[in-house]
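What follows is a short report on a single structure.
2 protein chains.
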Amino acid sequence: MTYCLGIKVNEGMIFASDSRTNAGLDDFSVHSKMFNYSVGDRCVVILTSGNLSTSQAVFHSIESDLESAVITDRNLNICKDLEEVADYVGSLSAKHSKIKYEVSEHGDIDFGSYFIVGGQIQDQSQKMFLIYPQGNFIECSENNPFFQIGETKYGKPILDRIINLDISLGDAARAALVSLDSTMRSDLSVGPPIDFLVYKKDKINLDIRDKIRLDSPYFKDLSDMWHDKLQSSFQELPKFDWE
Amino acid sequence: MTYCLGIKVNEGMIFASDSRTNAGLDDFSVHSKMFNYSVGDRCVVILTSGNLSTSQAVFHSIESDLESAVITDRNLNICKDLEEVADYVGSLSAKHSKIKYEVSEHGDIDFGSYFIVGGQIQDQSQKMFLIYPQGNFIECSENNPFFQIGETKYGKPILDRIINLDISLGDAARAALVSLDSTMRSDLSVGPPIDFLVYKKDKINLDIRDKIRLDSPYFKDLSDMWHDKLQSSFQELPKFDWE
Numbered sequence: 491m492t493y494c495l496g497i498k499v500n501e502g503m504i505f506a507s508d509s510r511t512n513a514g515l516d517d518f519s520v521h522s523k524m525f526n527y528s529v530g531d532r533c534v535v536i537l538t539s540g541n542l543s544t545s546q547a548v549f550h551s552i553e554s555d556l557e558s559a560v561i562t563d564r565n566l567n568i569c570k571d572l573e574e575v576a577d578y579v580g581s582l583s584a585k586h587s588k589i590k591y592e593v594s595e596h597g598d599i600d601f602g603s604y605f606i607v608g609g610q611i612q613d614q615s616q617k618m619f620l621i622y623p624q625g626n627f628i629e630c631s632e633n634n635p636f637f638q639i640g641e642t643k644y645g646k647p648i649l650d651r652i653i654n655l656d657i658s659l660g661d662a663a664r665a666a667l668v669s670l671d672s673t674m675r676s677d678l679s680v681g682p683p684i685d686f687l688v689y690k691k692d693k694i695n696l697d698i699r700d701k702i703r704l705d706s707p708y709f710k711d712l713s714d715m716w717h718d719k720l721q722s723s724f725q726e727l728p729k730f731d732w733e
Numbered sequence: 491m492t493y494c495l496g497i498k499v500n501e502g503m504i505f506a507s508d509s510r511t512n513a514g515l516d517d518f519s520v521h522s523k524m525f526n527y528s529v530g531d532r533c534v535v536i537l538t539s540g541n542l543s544t545s546q547a548v549f550h551s552i553e554s555d556l557e558s559a560v561i562t563d564r565n566l567n568i569c570k571d572l573e574e575v576a577d578y579v580g581s582l583s584a585k586h587s588k589i590k591y592e593v594s595e596h597g598d599i600d601f602g603s604y605f606i607v608g609g610q611i612q613d614q615s616q617k618m619f620l621i622y623p624q625g626n627f628i629e630c631s632e633n634n635p636f637f638q639i640g641e642t643k644y645g646k647p648i649l650d651r652i653i654n655l656d657i658s659l660g661d662a663a664r665a666a667l668v669s670l671d672s673t674m675r676s677d678l679s680v681g682p683p684i685d686f687l688v689y690k691k692d693k694i695n696l697d698i699r700d701k702i703r704l705d706s707p708y709f710k711d712l713s714d715m716w717h718d719k720l721q722s723s724f725q726e727l728p729k730f731d732w733e
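From first to last, the protein sequence lines stand for chains A and B.
Quick note on numbering: the first sequence equals residues 491 to 733 in this note's numbering.
Quick note on numbering: the second sequence equals residues 491 to 733 in this note's numbering.
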């Protein structure tokens with residue numbers, strides 16, 4: 491499986507993704523599921539879950555379109571706003587999964603991929619989108635300022651409790667790491683390293699980019715401290731009258 | 491969906507189940523998913539998830555077999571140990587789902603149900619089993635002293651952190667309620683009231699049986715306090731150097 495998370499608060503955006511993939515129960519490997527592009531007047535971050543070959547084909551097409559000597563219909567530099575970027579990624583995704591499906595003789599394989607796309611173009615506002623395998627997409631809202639894809643459930647309760655538009659970017663970043671940590675503890679198919687990206691509002695260049703391993707000092711501190719605090723908080727809960 | 495949880499620690503067992511069922515996104519109703527039997531030298535508790543009609547048919551068969559004037563092959567009173575109880579429930583489940591499948595014209599409906607069965611027979615030890623829709627079953631182990639069925643993921647991280655054989659029965663009960671609370675906050679298809687049962691070791695009669703609503707005083711205190719403690723613990727996590 492995979493677990494990717496994008497959070498968009500007033501101060502900026504956080505992107506985080508694990509790196510474990512599997513093709514069956516005994517075939518695990520490590521692949522990054524984050525793509526980022528920060529050139530000129532724009533910055534775009536893409537996270538993906540689902541069929542890795544479709545996701546990688548999409549990333550490859552995005553790069554090819556950027557490098558192409560001939561003028562292409564669309565590329566990340568030409569798109570006029572983030573909606574068009576989302577539409578562009580969605581179209582590539584739908585195209586590649588359709589091609590793979592048609593050449594396959596194994597009709598029961600799911601070639602679809604999900605994407606979280608976020609970024610900013612100069613003089614426009616930051617935006618974040620969730621793109622479905624069919625290519626359609628929805629935008630992050632005030633009521634729901636985060637998107638998760640992949641193995642989403644273990645790490646959702648802490649986000650439901652913490653995330654709202656007004657929290658600091660630091661708090662959003664910590665919530666993302668706690669959510670990843672809880673998921674990695676409960677599900678072996680989600681694993682390190684974590685690709686992690688902090689993107690402050692109105693800074694077109696990416697601010698903090700990190701690859702976090704289980705033994706990275708900050709992550710280890712955070713994970714141990716959170717575990718200890720949960721244990722001690724738990725011990726302070728009210729007793730039953732039958733105890 | 492459904493969320494049921496059985497925990498078995500050294501001091502005894504905890505059983506908890508939500509009461510929300512749905513047959514589609516707009517067809518919710520309230521049904522208990524807990525069955526308990528505490529007569530003579532034995533006590534048996536059964537929780538269920540999956541196809542509600544199969545689960546109810548199993549519960550009905552258990553009651554019919556107990557009330558039958560003719561001598562039946564097996565009933566809860568005749569089973570010589572908890573393994574036989576698990577095998578009996580598993581056989582009923584497999585039989586009823588097979589019957590429903592065969593009379594159905596809609597082959598795409600899943601008629602299978604999962605069961606957690608726990609209890610004690612006098613002079614034997616407490617036991618707990620997870621029964622699969624095919625009727626086979628596994629026993630709770632020292633390394634994994636709890637079983638979950640239904641919508642299990644939201645509520646698993648807290649159990650992974652707290653539950654081990656040596657915690658008190660009170661702690662196991664609180665962990666169960668926190669796990670249910672987190673699941674109900676993150677998933678609308680799991681809802682109150684919670685059927686809740688505390689069963690101390692070597693007491694053949696059930697100790698504490700409760701139907702917990704969201705506004706039950708203890709549950710409200712626990713839920714509010716846990717939420718506040720998570721928030722305050724979160725605020726004490728280490729800062730990033732870029733903050």
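For each residue, glycine too, the CB sits at the ideal point set by N, CA and C.
Remember, it's a predicted structure, so these values are computed and weren't measured experimentally.
Contacts that residue i makes with chain A (C-beta to C-beta distance below 8 Å)
i      : result
B/S676 : K643, K646, P647, D650
B/E726 : M715, K719
B/K570 : None at all; the shortest Cβ gap to chain A is about 31 Å.
Option in the options with minimal Cα separation from residue i
i      : options                        : result
A/F549 : A/F518, A/G514, A/S522         : A/S522
B/F730 : A/D517, A/L667, A/L678         : A/L667
A/N695 : A/C533, A/T538, A/D677         : A/C533
A/I657 : A/G496, A/G502, A/L495         : A/G502
B/T511 : B/D671, B/K585, B/S543, B/I536 : B/S543
B/I653 : A/G530, A/F724, A/N541         : A/F724
B/F505 : B/E595, B/M491, B/V607, B/K710 : B/V607
A/N541 : A/G660, A/E641, A/S603         : A/S603
A/L670 : A/L659, A/L649, A/G660         : A/L649
B/R703 : B/D600, B/S507, B/L495         : B/S507
A/G514 : A/L678, A/K570, A/S558, A/E733 : A/L678
B/A547 : B/G530, B/G580, B/E629         : B/G580
B/Q610 : B/D600, B/N626, B/D571         : B/D571
A/Y689 : A/T492, A/Y493, A/I497, A/M491 : A/I497
A/S509 : A/W732, A/F601, A/E641         : A/E641
B/V499 : B/V529, B/F605, B/M618, B/Y578 : B/M618
A/D714 : B/C630, B/G530, B/R651         : B/R651
Residue i: contacting residues in chain B (beta-carbon distance under 9 Å)
i      : result
A/H717 : R651
A/Q721 : R651, I652
Residue i versus residue j: straight-line alpha-carbon distance, rounded
i      : j      : result
A/Q612 : A/S706 : 34 Å
A/Q477 : B/L687 : The structure shown does not extend to residue 477 of chain A, since chain A is modelled only from 491 to 733, so the question has no answer here.
B/Y527 : B/V535 : 6 Å
A/N565 : A/L620 : 19 Å
B/R699 : B/W716 : 23 Å
A/D555 : B/F518 : 49 Å
B/P683 : A/E726 : 24 Å
B/S587 : B/E595 : 14 Å
B/C569 : A/K643 : 39 Å
B/K691 : B/L655 : 13 Å
B/I711 : A/P728 : Note that residue 711 of chain B is Asp in the sequence shown here, rather than Ile. Cα-Cα distance, rounded: 8 Å.
A/D516 : A/S583 : 27 Å
B/E632 : B/Q638 : 15 Å
Within chain A, the residues that residue i reaches when beta carbons sit closer than 7 Å
i      : result
B/I698 : W732
B/A506 : The premise fails here: B/A506 is roughly 13 Å from chain A at the closest Cβ pair, so nothing lies under 7 Å.
B/K498 : Here the premise fails: no neighbours, minimum Cβ distance about 18 Å.
Buried versus exposed, by CB contacts within 10 Å (16 or more), residue i
i      : result
B/R664 : buried
B/P614 : The identity of residue 614 of chain B in the sequence shown is Gln, whereas the question assumes Pro. With fewer than 16 other Cβ atoms within 10 Å, it is exposed.
B/P635 : buried
B/A662 : buried
B/Q721 : exposed
A/P647 : buried
B/A576 : buried
A/V593 : exposed
A/D598 : exposed
Cβ-heavy atom distance, residue i to the ligand HEM, below 8 Å
i      : result
A/F636 : In terms of ligand content, the structure shown is empty, and the ligand HEM therefore cannot be addressed.
Proximal chain B residues relative to residue i, where beta-carbon distance stays under 8 Å
i      : result
A/K729 : G660
Test: residue i CB closer than 9 Å to a CB of chain E
i      : result
B/V534 : Structure shown: chain E not included; protein chains present are A and B.
Exercise. Output, in sequence order along the chain, the residues in the segment 679–712 of chain A whose CB is closer than 8 Å to any CB in chain B.
Key: Correct list: V688, D697, I698, Y708, D711, L712.
Practice problem: Closer than 7 Å, Cβ to Cβ, to anything on chain B: give me those residues from the segment 583–596 of chain A, in chain order. | Solution: Near chain B, meaning a CB-to-CB distance below 7 Å, no residue of the segment 583–596 of chain A qualifies.
Exercise. Taking a Cβ distance cut-off of 7 Å, strictly less, list which residues of the segment 658–674 of chain A are near chain B, in chain order.
Key: For the segment 658–674 of chain A, residues whose beta-carbon sits nearer than 7 Å to a beta-carbon of chain B comprise G660, A663, R664, S672.
Quiz prompt | Contact list for the segment 615–626 of chain B against chain A, Cβ threshold 9 Å | solution = Those residues of the segment 615–626 of chain B that come within reach of chain A (Cβ to Cβ, closer than 9 Å) do not exist; the list is empty.
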